[in-house]
Amino acid sequence: MRCAVAVLFPVVLMLVACQREERDTRPQSALGSGEQPTPVTTLEPGGQRPSPTDNKAASFEANAFHLSEGKRLFGWFNCSGCHANGGGGMGPALMDEKWIYGSSMESIHATIRDGRPNGMPSFRDKIPDDQIWELAAFVRSLSGNAPSSAAPSRNDDMMAHPSENRMPNAATLGKSP
Amino acid sequence: MNRFAPIALVATIALFLQGCAGWQSALDPKGPAASELAWLIWFFTGLCAAVWVLVMIALALPLMMRPRARVEPLVIDADADNRKLRVVLTAVGLTVVILVGLTLLSFFANRTLAAIGSHAALTIRVTGHQWWWEVRYEDATPSHILTTANEIHIPAGEPVRLLLTSTDVIHSFWVPSLSGKLDLIPGRMNVLDIKADKPGVYRGQCAEFCGAQHANMGTFIIAEPREKFDAWWNDQLEPAAAPMSDEAKTGENLFLKRPCVMCHKIGGTPAGGTVAPDLTHIASRQTLAAGTLTMSRGNLAAWIADPQGVKPGSHMPVVDLNGDELNAIVAYLEGLK
Ligand SMILES: [Cu+2]
Chain A
1 MRCAVAVLFP
11 VVLMLVACQR
21 EERDTRPQSA
31 LGSGEQPTPV
41 TTLEPGGQRP
51 SPTDNKAASF
61 EANAFHLSEG
71 KRLFGWFNCS
81 GCHANGGGGM
91 GPALMDEKWI
101 YGSSMESIHA
111 TIRDGRPNGM
121 PSFRDKIPDD
131 QIWELAAFVR
141 SLSGNAPSSA
151 APSRNDDMMA
161 HPSENRMPNA
171 ATLGKSP
Chain B
1001 MNRFAPIALV
1011 ATIALFLQGC
1021 AGWQSALDPK
1031 GPAASELAWL
1041 IWFFTGLCAA
1051 VWVLVMIALA
1061 LPLMMRPRAR
1071 VEPLVIDADA
1081 DNRKLRVVLT
1091 AVGLTVVILV
1101 GLTLLSFFAN
1111 RTLAAIGSHA
1121 ALTIRVTGHQ
1131 WWWEVRYEDA
1141 TPSHILTTAN
1151 EIHIPAGEPV
1161 RLLLTSTDVI
1171 HSFWVPSLSG
1181 KLDLIPGRMN
1191 VLDIKADKPG
1201 VYRGQCAEFC
1211 GAQHANMGTF
1221 IIAEPREKFD
1231 AWWNDQLEPA
1241 AAPMSDEAKT
1251 GENLFLKRPC
1261 VMCHKIGGTP
1271 AGGTVAPDLT
1281 HIASRQTLAA
1291 GTLTMSRGNL
1301 AAWIADPQGV
1311 KPGSHMPVVD
1321 LNGDELNAIV
1331 AYLEGLK
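Line by line, the protein sequences are chains A and B. The opening position of the first sequence corresponds to residue 1 in the numbering used here, with each subsequent residue numbered one higher. The opening position of the second sequence corresponds to residue 1001 in the numbering used here, with each subsequent residue numbered one higher.
The following block contains the structure:
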């Protein structure tokens, strides 16, 4: 009996390895970036856009594949050119707790897609919608707002900051609970 | 056992022999490096096979021989003892000679390989990306430096020096008909010298597992006579052909307006992306997406409409285009000869 348990337990443990994250490499709907309403103005009170009806934010936010894709695209599309690995340069820092336009997935998505008046370019039509969501999820991981089980781990080369899965949450950093 | 079983077996094995010829085979060498290696492969295989057969015979003989009359264990037989000692010493001696001999052979083969490119006039930088090859022809005149992808044109009969590196993970460059394989390592520059004796097309393949689409990371070495190669280089240096039809003009506009421009370069247009294959002369290549599809209008459309269906996991995302937009972009790219 004991022996059976000793054998079964590791086997059951190994079953955990069978769970593998799905990789969504295709957009879920045939409609890409065109599906959401185009804002007539970039000014808005409260700094928060109403969330879109589909639940894209949730499906991208804690997904390791999308986060790592976002990290690659952050370099490919030269976000670092203005935001310097998240530390801030000509554009604001993205690894701190200050958000000019809101920290939600939806607001970051809107920032990247439509741009912001003080110099953030609009990437509408230049980045497919799903890739904008990937970037938004990655931007949140820079300030410790992504689950450490999903956020990218360290690079093979030198990094300007701790790896994203070790980034402290900027909002609570230095404050006692 | 079925009477036909041996015939079926031989026929199956004969089918495998097919794999020994063609545009991608280490056993069908088309250059000095590959010849050296093929010779080494055959010699090693032959010698090791001979040794194996001898050992098997030595094992089988005593089993088949009738046992001799029992020897008296207490009688000292100096002759028999000496014979045993001689046999063992000969075997050990032969083993040492063979091992040292083979080591020397591969040492000299390596020296020959290293000498091939010592006078190479042409240097090509090959950078591995998930899952395609960036190819850059070096030249002292900056305006003659040429960047292209996936196809490597070389002058036949001349040694060429390849500088191998990578930007993401480790890949390995292997064109079996021309040379052995060598890794492309991020942050390192490896040197591989190749030479094709005759004009021809030789297929290569990434030989180090590098992710989801490792199997679809092929390349082609196209060896041409010197004049043809020079002409090709000059053609490739030209900016992209201007679109001829209205549809192609729409296609160019769409290419520049949509995400394509973020990743790809088309010389002579504002498209200057460097993270994906250069498309300036895409229609002059024989294949698409690192040897995955042959070049044709239909395949271009298939790739652009759904790269994730052709090469799941590839770093080119699906871009939302309607039918007319897709046709226009394809018409434009098709004209980039
Ligand atoms: Cu590879």
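Cβ atoms here follow ideal geometry from the backbone N, Cα and C, with glycine treated the same way.
Quiz item: Hey, is G1313 (chain B)'s beta-carbon within less than 7 Å of any beta-carbon in chain A?
Solution: Interface residue, yes.
Self-check item: ligand 1 heavy atom lying under 6 Å from the CB of H1171 (chain B)
Solution: Under cutoff, so the answer is yes.
Quiz item: When you compare each of B:E1158, B:A1115, B:L1162, B:Q1130 to R1136 (chain B) by their alpha carbons, which one comes out closest?
Solution: Comparing alpha-carbon positions, the option among B:E1158, B:A1115, B:L1162, B:Q1130 lying closest to R1136 (chain B) turns out to be B:L1162.
Quiz prompt | 7 Å Cβ cutoff, T111 (chain A) in contact with chain B | solution = Taking 7 Å as the threshold, the shortest C-beta distance from T111 (chain A) to chain B does not fall below it.
Quiz item: At what residues does the alpha helix (DSSP H) containing N1190 (chain B) begin and finish?
Solution: Counting along the chain, N1190 (chain B) falls outside any alpha helix (DSSP H), though it belongs to the beta strand (DSSP E) covering 1190-1194.
Quiz item: Start and end of the beta strand (DSSP E) containing Q1205 (chain B)?
Solution: DSSP places Q1205 (chain B) in the uninterrupted beta strand (DSSP E) bounded by 1200-1206.
Exercise. With 7 Å as the threshold, decide whether the Cβ of W99 (chain A) is near any Cβ in chain B.
Key: At a cut-off of 7 Å between beta carbons, W99 (chain A) makes no contact with chain B.
Quiz item: Can you tell me whether H83 (chain A) is buried or exposed, with buried defined as 16 or more other CB within 10 angstroms of its CB?
Solution: The Cβ neighbour count for H83 (chain A), taken over all protein chains shown within 10 Å, is at least 16; the residue is labelled buried.
Exercise. Out of B:A1026, B:W1132, B:F1229, B:V1097, point me to the one whose CA is closest to G1291 (chain B)'s CA.
Key: Closest option to G1291 (chain B), judged by alpha-carbon separation, among B:A1026, B:W1132, B:F1229, B:V1097: B:W1132.
Quiz prompt | Given L1336 (chain B) as reference, the closest of B:T1294, B:P1243, B:S1106, B:E1072 once Cα atoms are compared | solution = Answer by Cα proximity: B:P1243.
Quiz item: Mind checking whether G1022 (chain B) and A1196 (chain B) have CB atoms under 7 Å apart?
Solution: No. Outside cutoff.
Exercise. Check whether the Cβ of M120 (chain A) lies closer than 7 Å to any Cβ atom in chain B.
Key: False, the Cβ-Cβ gap to chain B never drops below 7 Å.
Self-check item: Length of the line joining the Cα atoms of R140 (chain A) and M1262 (chain B)
Solution: Approximately 23 Å between the Cα atoms of the pair.
Quiz prompt | Proximity to A1109 (chain B) [Cα-Cα], best of B:A1033, B:A1241, B:N1190 | solution = Comparing Cα positions, the closest option is B:A1033.
Quiz prompt | Assumed close pair H1171 (chain B), C1206 (chain B) - CB separation to whole angstroms, cut-off 8 Å | solution = With a contact defined as Cβ atoms closer than 8 Å, H1171 (chain B) and C1206 (chain B) qualify at about 5 Å.
Quiz prompt | For M105 (chain A) and A58 (chain A), the rounded distance between their alpha carbons | solution = Taking the straight line from one Cα to the other gives about 8 Å.
Practice problem: Taking only the alpha-carbon atoms, compute the straight-line gap between Y1332 (chain B) and G70 (chain A) and give it to the nearest angstrom. | Solution: Y1332 (chain B) and G70 (chain A) have their alpha carbons spaced roughly 30 Å apart.
Quiz prompt | Cβ-Cβ distance between I1194 (chain B) and S1177 (chain B) below 7 Å | solution = No, these two residues do not count as a Cβ contact at 7 Å.
Quiz item: Cβ of E164 (chain A) within 7 Å of Cβ of P152 (chain A)?
Solution: Using a Cβ distance threshold of 7 Å, E164 (chain A) and P152 (chain A) count as a contacting pair.
Self-check item: Beta-carbon proximity list for V1318 (chain B), same chain, < 7 Å, skipping 5 on both sides
Solution: So the qualifying residues of the chain are D1306, P1307, Q1308.
Quiz prompt | Contact set between the stretch 1249-1272 of chain B and chain A, restricted to residues whose Cβ is under 8 Å from the partner | solution = Of all residues in the stretch 1249-1272 of chain B, K1257, R1258, P1259, V1261, M1262, C1263 have a Cβ within less than 8 Å of some Cβ in chain A.
Self-check item: Cβ contact check for the stretch 103-117 of chain A and the stretch 131-139 of chain A: 3 or more pairs under 8 Å
Solution: Counting Cβ pairs under 8 Å, three or more are found: they touch.
Practice problem: Name the one or two DSSP bridge partners that R154 (chain A) has. | Solution: When beta bridges are read from the DSSP output, R154 (chain A) appears opposite no residue.
Quiz item: Below 7 Å between beta carbons: does that hold for L1254 (chain B) and I1329 (chain B)?
Solution: With respect to I1329 (chain B), L1254 (chain B) sits close: the two C-beta atoms are nearer than 7 Å.
Quiz item: Which term fits I1041 (chain B), buried or exposed, when burial requires 16 or more other beta carbons within 10 angstroms of its beta carbon?
Solution: With a threshold of 16 other beta carbon atoms within 10 Å, I1041 (chain B) falls short and is exposed.
Self-check item: Pick from B:L1061, B:A1283, B:L1256 that is closest to A1271 (chain B), judged by C-alpha positions
Solution: The candidate whose alpha carbon is nearest that of A1271 (chain B) is B:L1256.
Quiz prompt | Neighbouring residues, chain B, relative to F77 (chain A) (Cβ below 8 Å) | solution = For F77 (chain A), the neighbours in chain B by C-beta distance under 8 Å run, in chain order, M1262.
Quiz item: In whole angstroms, what separates the C-alpha of W1039 (chain B) from that of D1028 (chain B)?
Solution: The straight-line gap from Cα to Cα measures roughly 10 Å.
Exercise. Return the chain-ordered list of same chain residues with a C-beta closer than 7 Å to the C-beta of N1322 (chain B), the five sequence neighbours on each side being excluded.
Key: Apart from sequence neighbours up to five positions away, no residue of its chain approaches N1322 (chain B) with a beta-carbon distance below 7 Å.
Quiz item: Any heavy atom of ligand 1 closer than 6 Å to the CB of M1217 (chain B)?
Solution: Checking every heavy atom of ligand 1 against the Cβ of M1217 (chain B), one is found closer than 6 Å.
Quiz item: Just to confirm, does H1281 (chain B) get its C-beta within under 6 Å of one of the non-hydrogen atoms of ligand 1?
Solution: The nearest non-hydrogen atom of ligand 1 is 6 Å or more from the C-beta of H1281 (chain B).
Quiz prompt | Whole-Å CB distance - G1128 (chain B) paired with L1184 (chain B), under 8 Å assumed | solution = Contact check for G1128 (chain B) and L1184 (chain B): beta-carbon distance about 4 Å, within the 8 Å limit, so the pair qualifies.
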